[in-house]
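Undergrad: Position 42, counted from 1, in the sequence shown is what numbering that gives the first Met the number 0 calls 41; the numbers after and before it change by one each time, with no gaps.
Backbone N, C-alpha and C fix where the C-beta goes; we use that ideal spot for every residue, glycine too.
Predicted model, so just to flag it, every value in this text is computed and none were measured.
The following block contains the structure, expressed as structure tokens.
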Amino acid sequence: MIFVSVNQRGYTDTELWGPFPTVEVAKQNITDNLEQGLDGDDTRYTFHKVSESGTTESIGYIYFYEEYENDGLETKKEEYFVIGYEV
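Listed below in structure tokens is the structure:
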């Protein structure tokens, strides 16, 4: 099973979404079609795999962040997944 934790800059709480059967399904439901983080703030979506034995492993993330460029504010996206989990 895949769960996704969501952290937003400036907030101490964390949301947890899932379970999803695969990373691909989790991405489709949560981050596809997003161009920026929650409320336009830096937001990290961390993907966790929970095995049948109950062990949890972080397998990747999608991070939306804002950076001020010479011509204004631009939204950036960074994505990383452990080999074998990327979609």
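Work out the CA separation of residue 54 and residue 28 for me, nearest whole Å.
TA: 24 Å
Undergrad: Which whole-angstrom value is the C-beta distance of residue 58 and residue 48, which I expect to be below 8 Å?
TA: 5 Å
Undergrad: Can you tell which of 0, 21, 34, 43 has its C-alpha closest to the C-alpha of residue 14?
TA: 43
Undergrad: Pop quiz: residue 80 and residue 22 are said to be a contact at Cβ under 8 Å. What is the actual Cβ separation, rounded to whole angstroms?
TA: The Cβ separation is near 7 Å, so the contact holds.
Undergrad: In the DSSP assignment, find the unbroken beta strand (DSSP E) run with residue 32 in it and report its ends.
TA: No beta strand (DSSP E) holds residue 32; DSSP gives it neither H nor E.
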